[in-house]
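S.K.: Before I ask anything, here is the structure I am working with.
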Amino acid sequence: NYFQAKFPRDERFSKLTGDDVNFFKGVLGPSGVITAEEDADGVASYNTDWMKKYKGNGSLVLRPKTTEQVSEILKYANERKLAIVPQGGNTGLVGGSVPVFDEVVLSTALMSHIEEFDDVSGVVTCQAGVVLGNLESFLHPKGYTVPLDLGAKGSCHIGGNVATNAGGLRLLRYGSLHGNVLGVEAVLADGTIIDCASTLRKDNTGYDIKQLFIGSEGTLGIITKVVLLTPPKPQAVNVAFFGLRTFEDVKKLFTRTKQELGEILSAFEFVDRGSIELVVKHSKTGARDPFGDAYPFYVLIETSGSSKEHDEEKLNTFLEKLLGEEDSLICDGTVAQQTSQIQSLWSLRESVPESLQREGAVYKYDISIPLNKFYEIVEIMRERIGDKGNVVGYGHIGDSNLHLNISSPKFDPEVYSLIEPYVYEYTSKQRGSVSAEHGIGVMKPHVLHCSKSHAAIQLMKNVKKAMDPNGILNPYKVLPTHEEEKIN
Ligand code: FAD
Ligand code: 2HG
Ligand code: ZN
């Protein structure tokens, strides 16, 4: 834990009493309530995030099963002015899912029912707490799949995905959740249930209210139900991995790939040499360097289509063509033949975040940056940090989304001051985004202005005030506190 809030607890919020706990036990029954008094370890895990960077001091966890229970909880909390943190799978990377001080955690862990599936339209309706990987397993035998895929799919909840507008590895193919989510049911701070759980693709009846909840990170309402449009499961998935000399070549390869594999392309992911070294160093499954020689840059291309032979042939021909060209863009390349090989190649990309965690303290930046500047910030940071830390870059080239990560054996204020505010100011100058896909949480409210105008932030505040006048939903997150605004 090395995050220290630079603002005090908001004293408008009440402190939890025994009567409050008894009320919640009455609503949920004893099994739906975990208290620090009765189960300190149980509560501790809800207070700490996946990175172990953020640690709150909440003493109560509520685990409702139904929308009506969520509504009763919020109505009471709003009247009593008790602050609430919604929590899904707790895999968020910006500290949004855990208390900052003593907020009550409302977990969707027991809201895990898949309610309805239409096998003609592919529309699925489920409770917010369904684990993404479980939803995928439910859909696959029916010939469908989820339109988003993340390394955290074994733990993250669909409600958490919608609340963060998670991007992930296949956004390039299926687009963002703003397009794939057809409906949302949510509970407002005062307990009002907003039923926008439409299953329609077209519905232009005024403001599209559900969009407000997508990416609102638990600050506008608690998502209780999600209606998702799911695509057919591809019949054939192929993966190729390339080693390249320069980042210029990575960009050229992206253009060529779109031109030559466009209609079957489902991912174009990038890792640099430093990232691969971390994966190999920390692998528990014996991950190895993909090629005999080491290269500065690597690209993973995935295709998904309806004919294995056809796609395989297309990919092989593409690889042969690239290798055969004078001044080839690629130094080496391989196409996976079997499922196990596909998995090993994917794990060279997907295991980077976990490998980084084993290095000590990790300073994580998730930025949208134009492709012509994509890798420059990694090189600048290497220059600035020198041997005080390890700087790596990887991410979703297809979406211009760089994951810049820096690690040091333990949290080092000097390293930190070499990174921030520099990275945010640099991103702002390129008109990039300080959060491409992970959200703002408690990590970035103070730099929201780097990517949003004053007027836009003001409008966000007005929306928050209209939907949660007492500010009980996920306080200190997304919108800057008064203290943070004074610093700017
Ligand atoms: P949590 O972490 O529990 O919560 C995240 C935020 O949403 C919090 O602010 C919380 O208050 C709010 N929230 C949760 N549930 C609800 C709800 N029902 N109603 C209202 N608010 C709610 N993210 C990407 O975008 N792309 C990636 O490729 C990606 N890969 C990852 C890989 C790893 C290994 C890890 C650990 C994380 C990754 N993430 C990625 C980040 C994270 O997994 C996503 O942000 C995910 O969508 C969070 O889901 P969750 O259920 O864990 O939410
Ligand atoms: C990914 O794409 C995730 O692997 C995590 O978004 C990124 O660790 C990160 O910075
Ligand atoms: Zn990512």
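Residue numbers (full-length UniProt numbering): 20 to 507. Glycine is no exception: its CB is placed at the ideal position from the N, C-alpha and C atoms.
For D121, write down the residues that DSSP places opposite it in a beta bridge.
M.R.: Note: D121 sits in no beta bridge, so no partner.
S.K.: Threshold first: 3 residues or longer. Then list the beta strand (DSSP E) segments lying entirely within the region 56-137, N to C.
M.R.: If we require 3 residues or more, the beta strand (DSSP E) runs fully inside the region 56-137 come out as 79-81, 103-106, 123-126 and 133-137.
S.K.: So, helix, strand or coil for P251, using DSSP?
M.R.: P251 falls in the strand class under three-state DSSP.
S.K.: If you drop the 5 nearest sequence neighbours on each side, which residues of the same chain put their C-beta closer than 7 Å to that of D39?
M.R.: The answer, listed in chain order, is R99 and L101.
S.K.: Count the other C-beta atoms from every protein chain shown that fall within 10 angstroms of the C-beta of Q23, then say buried if there are 16 or more, exposed otherwise.
M.R.: That one is exposed.
S.K.: Anything with a beta carbon under 7 Å from a heavy atom of the ligand ZN counts; list them all in chain order.
M.R.: Having a Cβ closer than 7 Å to some heavy atom of the ligand ZN are G186, G187, D385, G414, H415, N420, H422 and E456.
S.K.: Given that a residue counts as buried once 16 or more other Cβ atoms are within 10 Å of its Cβ, and exposed if not, what is F134?
M.R.: Position check: residue 134 holds Glu in this sequence, whereas Phe was assumed. By the 10 Å Cβ count, E134 comes out exposed.
S.K.: Mind checking whether K270 and L390 have CB atoms under 8 Å apart?
M.R.: A contact, by the Cβ cut-off of 8 Å.
S.K.: CA-CA distance, I213 and L367?
M.R.: So the two alpha carbons sit approximately 42 Å from each other.
S.K.: Using 8 Å as the threshold, is the region 330-348 in touch with the region 305-313, meaning 3 or more CB pairs across them?
M.R.: The answer is no - the region 305-313 does not touch the region 330-348, with fewer than three Cβ pairs under 8 Å.
S.K.: For H159, is the classification buried or exposed, using 16 other Cβ atoms within 10 angstroms of its Cβ as the cut-off for buried?
M.R.: Per the 10 Å Cβ criterion, exposed.
S.K.: Under 8 Å: do the region 114-133 and the region 168-181 share three or more Cβ pairs, one atom per stretch?
M.R.: Touching, per the Cβ criterion.
S.K.: Could you check which residue in S427, F120, L81 and Q449 has the C-alpha nearest to that of N41?
M.R.: N41 has its Cα closest to that of L81, out of S427, F120, L81 and Q449.
S.K.: Between K71 and the ligand 2HG, is there a pair consisting of the residue's CB and a ligand heavy atom that are separated by less than 7 Å?
M.R.: Not under cutoff, so the answer is no.
S.K.: Restricting to Cα atoms, I'd like to know which of I92, S470, R377 and G107 is closest to G45.
M.R.: Taking only the C-alpha atoms, the option nearest G45 is I92.
S.K.: Is the separation between the beta-carbon of Y314 and that of R264 shorter than 8 Å?
M.R.: Yes, these two residues count as a Cβ contact at 8 Å.
S.K.: Tell me whether the region 282-294 and the region 323-341 touch, counting them as touching only if at least three CB pairs, one residue from each stretch, are closer than 8 Å.
M.R.: As far as the Cβ criterion goes, the region 282-294 touches the region 323-341, which means the pair count is three or higher.
S.K.: Is L190 near the ligand 2HG, in the sense that its beta carbon is under 7 Å from a heavy atom of that ligand?
M.R.: Because no heavy atom of the ligand 2HG lies under 7 Å away, the Cβ of L190 does not count as near it: no.
S.K.: On the three-state DSSP scale, how would you describe G198?
M.R.: Helix, per DSSP.
S.K.: Taking 8 Å as the threshold (C-beta atoms), are G186 and D418 in contact?
M.R.: Contact: yes.
S.K.: Report yes if the C-beta of V104 is less than 7 Å from at least one heavy atom of the ligand NAD; otherwise report no.
M.R.: For the structure depicted, the ligand NAD is absent and the ligand set comprises only the ligand FAD, the ligand 2HG and the ligand ZN.
S.K.: Just checking S174 against the ligand FAD - is the residue's beta carbon closer than 7 Å to any of the ligand's heavy atoms?
M.R.: Flag set: Cβ of S174 near the ligand FAD.
S.K.: Between which residues of its own chain and H132 is the CB-CB distance below 6 Å, once the five residues before and five after are set aside?
M.R.: Answer for H132: Q146, listed in chain order.
S.K.: By DSSP's criteria, F260 is part of a beta bridge. Which residues make up the other side?
M.R.: F260 is bridged to L319 and T353.
S.K.: Distance, Cα to Cα, Y384 vs R377?
M.R.: Roughly 17 Å separates the two Cα atoms.
S.K.: Buried or exposed: Q88, going by 16 or more other Cβ atoms within 10 Å of its Cβ?
M.R.: Its Cβ being crowded by 16 or more others within 10 Å, Q88 is buried.
S.K.: G111 and G414: beta carbons closer than 8 Å?
M.R.: Cβ atoms of G111 and G414: not closer than 8 Å.
S.K.: Measure how close the beta-carbons of D121 and L219 come, nearest whole angstrom, since I'm counting them as under 8 Å.
M.R.: D121 to L219, Cβ: 42 Å. No contact.
S.K.: I need the boundaries of the beta strand (DSSP E) containing Q23, first residue and last residue.
M.R.: Per DSSP, Q23 belongs to no beta strand (DSSP E) and is neither H nor E.
S.K.: Under 8 Å: do the region 404-413 and the region 288-304 share three or more Cβ pairs, one atom per stretch?
M.R.: Yes, since at least three Cβ pairs between the region 404-413 and the region 288-304 fall closer than 8 Å, the two stretches touch.
S.K.: If you draw a straight line from the alpha carbon of V62 to that of L338, how long is it in whole angstroms?
M.R.: Their backbone Cα atoms lie some 52 Å apart in a straight line.
S.K.: In the DSSP output, which residue or residues are listed as bridge partners for A205?
M.R.: I213 and I242.
S.K.: Just to check, is the beta-carbon of S116 closer than 7 Å to a non-hydrogen atom of the ligand FAD?
M.R.: Indeed, a heavy atom of the ligand FAD lies less than 7 Å from the Cβ.
S.K.: Give the straight-line distance between the Cα atoms of E456 and E398, rounded to the nearest whole angstrom.
M.R.: Looking at the two C-alpha atoms, the distance is approximately 22 Å.
S.K.: Is the beta carbon of T446 closer than 8 Å to that of I404?
M.R.: No.
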